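Trainee:
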Amino acid sequence: MITIDQLLAQATSQAVEALYGVTFPADKIVPQTTKKEFEGNETIVVFPFLKASHKAPDATAQEIGEYLVKHCEAVEKFNVIKGFLNITIKPSFWTGVLNHIAATPDYGFAAATPDSQLVMIEYSSPNTNKPLHLGHVRNNLLGFSLSRIMQACGNKVVKTNIVNDRGIHICKSMLAWLKWGDGATPESTGKKGDHLIGDYYVEFDKHYKAELRALVESGLSQEEAEKQSALMQEARDMLKRWEDGDPEVRSLWSKMNEWVYAGFDETYKRLGVDFDKIYYESNTYLEGKEKVLEGLDKGLFYRKDDGSVWADLTPDGLDQKLLLRSDGTSVYMTQDIGTAKLRYQDYPIDKMIYVVGNEQNYHFQVLALLLDKLGFAWGKDLIHFSYGMVELPNGKMKSREGTVVDADDLMDEMILTARRMSDERDTLKDLPQAERDDVLRMVGLGALKYFILKVDPRKNMTFNPQESIDFNGNTGPFLQYTYARIQSVLRKSTDDIDSCDTASVSPNEKEISLIQRMADFSTAVTDAGKSYSPALIANYVYDLAKEYNQFYHDFGILREENAALRVFRLKLSRTVGQIIKRAVWLLGMEVPERM
């Protein structure tokens with residue numbers, strides 16, 4: 109079925125040609141929802157047509173409006189406000205729109221075809237020296253939601269992760285475990301592996317700082333103390349032994365990483381995110397070195413006297429970038445080049461999206477140029493989905509000091525908060541315990557996901573757990589409660605919604621507004637995909653849920669005596685519920701049937 113926007117765009121294109129003899133493509137005409145303070149459902153801005161009409165905006169809008177009333181079956185009437193043509197659609201047309209949405213299982217979603225673009229999305233990118241924290245939560249939720257949005261826009265999608273499993277930070281945890289771990293394991297301590305290893309990262313930093321204090325007190329400067337730190341030198345020596353393939357170091361590294369991976373997998377599963385392919389820096393950095401040396405042979409890069417390899421990007425308006433250190437070891441940029449090489453071998457990538465915080469903006473500017481110079485077709489057009497930092501009301505988090513908000517602890521706290529609020533409301537007491545626990549899990553995690561995703565990803569944000577779970581605000585639980593309310597109405601109904609004839613029903617203004625909002629879902633999905641913004645979906649579904657709740661309070665549904673009208677409103681409610689469920693699925697959320 110053609111959408112109302114498409115219908116009006118086509119009819120307006122025909123009007124311009126019929127009235128003024130000028131062809132104006134329909135795909136360049138974008139009707140907008142009429143502002144609430146004006147009469148009408150859809151608004152067309154006529155200023156682009158003035159060159160064709162050679163008339164004032166009001167006169168042009170008047171002529172086009174009169175043409176649409178005569179020639180477009182959906183248009184009932186119109187009004188003109190300066191250069192804006194506000195169009196009222198016939199109520200009977202909206203009934204057809206509702207029937208179409210209700211009968212389309214994947215309304216708003218486009219299916220991938222053999223010719224669809226393959227979009228690879230990288231997110232998470234954890235280090236194996238600590239558990240996932242609140243910052244990772246925002247990254248994972250953004251990346252996972254974006255993957256569903258891009259899929260809903262008709263793309264083929266590959267979700268990928270790059271694990272930072274090598275480097276000095278990993279050796280710090282390993283060294284601390286050897287020195288102070290006393291053979292501790294996840295089994296012997298009862299701790300998740302990623303939590304256990306994170307404890308030793310913090311332990312290393314504690315001893316390192318104590319050593320620096322002692323050296324400074326002995327008369328050294330801070331810089332001299334850092335250079336003379338025996339503990340840091342031990343970590344560097346361990347990294348060198350790892351790079352040289354020392355069996356003992358490699359065995360310890362493998363064992364501790366396996367502990368961490370098991371912990372990560374548990375957190376990912378609980379958070380509801382997954383990946384199609386995971387890459388590891390320990391496998392990609394050598395590929396990157398090989399690609400850099402290949403670029404060196406081709407004259408793309410240059411070698412300094414100390415043996416280090418650099419890229420001169422000053423002609424591109426940037427600076428000179430180190431790619432290989434003088435000792436031949438790689439840097440993050442080199443590893444990213446190696447990862448790109450492996451990914452391009454594994455998949456015919458059309459578009460690459462990196463979900464990484466905005467502190468890495470410059471890094472991805474450089475990476476795009478380097479990949480392009482090295483011949484990757486998608487390199488120069490890679491997308492850095494740059495997002496802002498997430499903080500708590502009491503400030504920033506620091507991994508080394510152990511002041512991060514652990515992702516597992518955060519999820520526990522959200523579910524506990526949901527339980528406390530549920531106990532106050534006393535609404536789940538009749539459910540079996542297992543079902544009740546599942547509802548509380550959905551509500552707690554839904555609150556977390558929605559609160560993070562409703563914010564423009566480019567902005568820094570402060571996460572407030574209590575505010576996120578308010579059942580009456582712009583929150584995930586409000587959306588879930590709206591869905592559950594609809595399901596409750598449907599369970600109480602004895603009407604056969606799909607068999608009853610509702611053709612005689614003329615929707616009222618509020619019902620039309622709801623249908624129009626549902627019809628806009630496909631546009632919201634498309635816009636979210638184009639702008640890489642889950643926040644657009646969050647804002648859309650909140651507005652829909654808010655509109656439905658106003659309708660629910662203002663009009664009877666089960667109490668309505670007119671059978672056709674009652675069934676119409678039941679169908680309207682059921683369809684709103686379907687769109688809410690579909691929209692929050694794009695955000696990685698679940699909706700309970702009861703709340």
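Counting in my numbering, the sequence shown runs from 109 upward without gaps.
Just so you know, even glycine gets a beta-carbon here, dropped at the ideal spot from N, CA and C.
All values derive from a computational prediction rather than experimental measurement.
Buried or exposed, going by whether 16 or more other CB atoms sit within 10 Å of the CB of K506?
Mentor: Note on K506: pLDDT 47, under 50, position unreliable in the model; no value is reported.
Trainee: Give every residue of the same chain whose Cβ lies closer than 6 Å to the Cβ of I386, excluding the five residues on either side of it in the sequence, and list them in chain order.
Mentor: N269
Trainee: On the DSSP bridge assignment, give the partners of K84 in chain order.
Mentor: Outside the shown range of the chain, which is 109 to 703, sits residue 84, and nothing can be said about it.
Trainee: Does the distance from the C-beta atom of A707 to that of I137 stay below 7 Å?
Mentor: Any question about residue 707 goes unanswered here, given that the chain covers just 109 to 703.
Trainee: Is it buried or exposed for H244, if we count other Cβ within 10 angstroms and need 16 for buried?
Mentor: H244 should be labelled buried.
Trainee: How is L556 classed by DSSP in three states: helix, strand or coil?
Mentor: helix
Trainee: Assign E509 to buried or exposed, taking buried as 16 or more other Cβ atoms, counted over all protein chains shown, within 10 Å of its Cβ.
Mentor: Here the model assigns E509 a pLDDT of 48, short of 50, so the residue's position is not dependable, and the following value carries that caveat. Burial call: exposed.
Trainee: How many angstroms separate the CA atom of L477 from the CA atom of S416?
Mentor: 20 Å
Trainee: Three or more C-beta pairs closer than 8 Å, one from the segment 256 to 271 and one from the segment 369 to 387: is that the case here?
Mentor: yes
Trainee: Note the first and the last residue of the continuous alpha helix (DSSP H) segment covering W693.
Mentor: 671 to 694
Trainee: Return the residue from the list L250, G148, K163, D427 that minimises the CA-CA distance to V563.
Mentor: L250
Trainee: Taking I523 and R549 to be in contact with their CB atoms under 8 Å, please state how far apart those CB atoms are, rounded to whole angstroms.
Mentor: 6 Å
Trainee: Closer than 6 Å by C-beta to G552: which residues in its own chain qualify, once you throw out the five before and the five after it? Chain order, please.
Mentor: M522, I523, A526
Trainee: Report buried or exposed for G216, applying the criterion of at least 16 other Cβ atoms within 10 angstroms of its Cβ.
Mentor: buried
Trainee: Measure the alpha-carbon distance for G685 versus E467 and round it to whole angstroms.
Mentor: 39 Å
Trainee: Indicate whether the contact test is met: 3 or more Cβ pairs, each with one atom in the segment 685 to 700 and one in the segment 363 to 377, closer than 8 Å.
Mentor: By the criterion of at least three beta-carbon pairs nearer than 8 Å, the segment 685 to 700 is not in contact with the segment 363 to 377.
Trainee: Given a threshold of 16 other Cβ atoms within 10 Å of its Cβ, counted over all protein chains shown, does L652 qualify as buried or as exposed?
Mentor: buried
Trainee: Please classify L394 as buried or exposed, where buried requires at least 16 other C-beta atoms within 10 Å of its C-beta.
Mentor: exposed
Trainee: Going by the DSSP bridge assignment, what does D187 pair with across the sheet?
Mentor: The amino acid at residue 187 is misidentified as Asp; the sequence shows Asn. In DSSP, N187 forms a bridge with N194.
Trainee: In the DSSP assignment, what are the bridge partners of P460?
Mentor: In the sequence as presented, Pro is not what sits at residue 460; that position holds Met. In DSSP, M460 forms a bridge with M228.
Trainee: Between the Cα of Y640 and the Cα atoms of D604, H162, L401, K459, which residue gives the shortest distance?
Mentor: K459
Trainee: Could you spell out where the beta strand (DSSP E) holding F493 opens and where it closes?
Mentor: 491 to 495
Trainee: What's the gap between the Cα of A164 and the Cα of E145?
Mentor: 24 Å
Trainee: In angstroms with no decimal places, state the Cα-to-Cα distance between F157 and I172.
Mentor: 10 Å
Trainee: Leaving out the 5 sequence neighbours to the left and right, which residues in its chain are closer than 7 Å to K504 when beta-carbon positions are compared?
Mentor: Any answer about K504 is weak, because its pLDDT of 49 lies below 50 and its placement is not dependable; what the coordinates show is given next. Cβ neighbours of K504 beyond the five flanking positions: none.
Trainee: Answer yes or no: do A343 and I276 have a C-beta to C-beta separation smaller than 7 Å?
Mentor: yes
Trainee: Do M697 and K557 come within 7 Å of each other at the CB atom, strictly closer than that value?
Mentor: yes
Trainee: On the three-state DSSP scale, how would you describe G510?
Mentor: Low local confidence applies: a pLDDT of 47 at G510 is under 50, so the model's placement there is unreliable, with the coordinate-based value given in what follows. G510: coil per DSSP, three-state reduction.
Trainee: What is the C-beta distance between L694 and R358, in whole angstroms, given that I count them as a contact (C-beta under 8 Å)?
Mentor: Beta-carbon to beta-carbon, L694 and R358 are separated by about 42 Å, too far to satisfy the 8 Å threshold.
Trainee: Use the C-beta contact count for E389: other C-beta atoms within 10 angstroms, 16 or more gives buried, fewer gives exposed.
Mentor: buried
Trainee: State yes or no: is the C-beta of N235 within less than 7 Å of the C-beta of V463?
Mentor: no
Trainee: Once you ignore the five residues that flank G191 on each side, which residues in its own chain have a CB closer than 6 Å to its CB?
Mentor: V154, F155, P165
Trainee: Specify the secondary structure class of I152 as computed by DSSP and reduced to three states.
Mentor: strand
Trainee: Alpha carbon to alpha carbon, how far is T141 from D628? Give it in angstroms, no decimals.
Mentor: 9 Å
Trainee: Exposed or buried, what is V124 when buried is set at 16 or more other beta-carbons lying within 10 Å of its beta-carbon?
Mentor: buried
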